[in-house]
Structure formats: structure tokens, C-alpha cells
Amino acid sequence: MAHNVHSSHEVRRRKGTLVQPSSPTSPLESEAHAHVQAQQLTWPPPEHRSRAPEFYGFVAWTSTYLLFVIYLLWAFLPDELIIWLGVTWYPNREWAILVPAWSIVAVLFTYFVYFALALRGTPPLDDINSITDGHALYPKPQGGTHNTYLAATELNVIPELYDIPISLVNRVLYHHDEQAASKQRHPATVSCDP
Numbered sequence: 001m002a003h004n005v006h007s008s009h010e011v012r013r014r015k016g017t018l019v020q021p022s023s024p025t026s027p028l029e030s031e032a033h034a035h036v037q038a039q040q041l042t043w044p045p046p047e048h049r050s051r052a053p054e055f056y057g058f059v060a061w062t063s064t065y066l067l068f069v070i071y072l073l074w075a076f077l078p079d080e081l082i083i084w085l086g087v088t089w090y091p092n093r094e095w096a097i098l099v100p101a102w103s104i105v106a107v108l109f110t111y112f113v114y115f116a117l118a119l120r121g122t123p124p125l126d127d128i129n130s131i132t133d134g135h136a137l138y139p140k141p142q143g144g145t146h147n148t149y150l151a152a153t154e155l156n157v158i159p160e161l162y163d164i165p166i167s168l169v170n171r172v173l174y175h176h177d178e179q180a181a182s183k184q185r186h187p188a189t190v191s192c193d194p
């Protein structure tokens, strides 16, 4: 008997959505209300998008295979059979070998030219352009002794985007090495007075 009693606070799960229990006095109205709520509570919401890209993709896929089959038939069928099929004019058979061969050579040549242009555009290691160029953006000094790079050290601050000069990079990275080298060059003089 306890399973027939419906509490007003009881919530049931139907078809993956939360709905209120049916009413014992009017189950049809409650079911209709639950159906409307189920449509409103579906997650994720249904997407309303066009299926045109699927059709275009299918047409492109099938036409590519059809053209490849026609290419293979043209390349391998004897002339008599092609003429018997009703095709009286078609390109010379040597193009069946020349076009793929030239395509492969063109792709390899493109890779070679791209690699050669990248090497040609790379400055030598002793050139200043390997460190900086005319497009480098350095902050303008804002008067006095204010260092514009100090803004990056504040908490929760996103600093402006600038290039960092190589002198500042060297000072930050190798400052301790300079101090150690200067101590070795200029050791502390100890006086020995009797």
C-alpha cells in the first residue's frame, strides 16, 4: 500500500528528466504537465542546425571516388573497350602517368623551396637581426627614473606587451656571475701590519 501513496514533495525520474508525480485525482492533466516540463528541462538543449554540410560532404566524398574510378578505367581499359562504351575522345594514356608523377614532383619541389626560403631568410648568428629588428617594441621612458618594466612586478597586474632588451635579459640572468667574476678579479686586500 505504501507504494501507491504519492507525496507532494516526491520527485520521480522519467526519461532522463525530473517531473512531479502524477496526481491521483487527475492523472491525465498531471501527465500532460509533466510532458511539458520534460520538454523544458531537457539538457543540453536541442540544436537546430542545417544538415547542408553533411550533404555537401557526402556529395564530395562520392564524387571523389567516382572520379578516381573513372581515372582508373581510363588508365587501364584497352582502347577498344573504351570506344565500345561510346567514348570516342579521351586524353592520351601517357597523361595517366604524367599527371601523378608531376604532382609528386611539384609537392616535393614546394617543400624544398619553402625550406630554402626559410634558410635564406634566417640571419647569421653574429648578426644583430638575430637578436632584434626594426619591429621590436620597447617601452618609452616615462620621465624621471621610473622603470617601465617594474609594472610587471606588481600583484594582479597584466603588464603591457613589450620586447625585453637583451641588456636587461643579460643583467637579470647573469648578474650573479658578474659579481662572482668581479670578486675574483679584485680580491679584498688584507693588510698585515705588525
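Everything in the sequence shown is counted per UniProt numbering, starting at 1 for the first residue and increasing by one.
The beta carbon of each residue, even a glycine, is placed where N, CA and C say it ideally should be.
Collapsing the DSSP output to three states places Val59 in a helix.
Ranked by Cα distance from Tyr71, the first of His48, Leu168, Leu81 and Trp95 is Trp95. Contact fails between the segment 99-114 and the segment 73-80, because fewer than three Cβ pairs, one in each stretch, are under 8 angstroms apart. Under the three-state reduction of DSSP, Ala75 is assigned to helix. With a contact defined as Cβ atoms closer than 8 angstroms, Tyr162 and Pro139 qualify at about 5 angstroms. DSSP, reduced to helix, strand and coil, places Val107 within a helical segment of the structure shown. In the three-state reduction of the DSSP assignment, Trp102 falls in the helix class. Rounded to whole angstroms, the separation of the alpha carbons of Asn129 and His135 is 11 angstroms.
Here Leu125 carries a coil assignment [DSSP, helix/strand/coil]. Here DSSP, grouped into helix, strand and coil, assigns Thr88 to coil. Secondary structure note for Leu137: it is in no alpha helix (DSSP H), with a DSSP letter that is neither H nor E. In the structure shown, the three-state DSSP call for Thr153 is helix. Taking C-beta separations shorter than 6 angstroms and ignoring five residues to either side along the sequence, Val113 has no partners in its chain. One Cα belongs to Asp177, the other to Val105, and the distance between them is close to 54 angstroms.
Secondary structure of Thr42 (DSSP, three-state): coil. The Cβ atoms of Ile164 and Ile131 lie no closer than 7 angstroms to each other.
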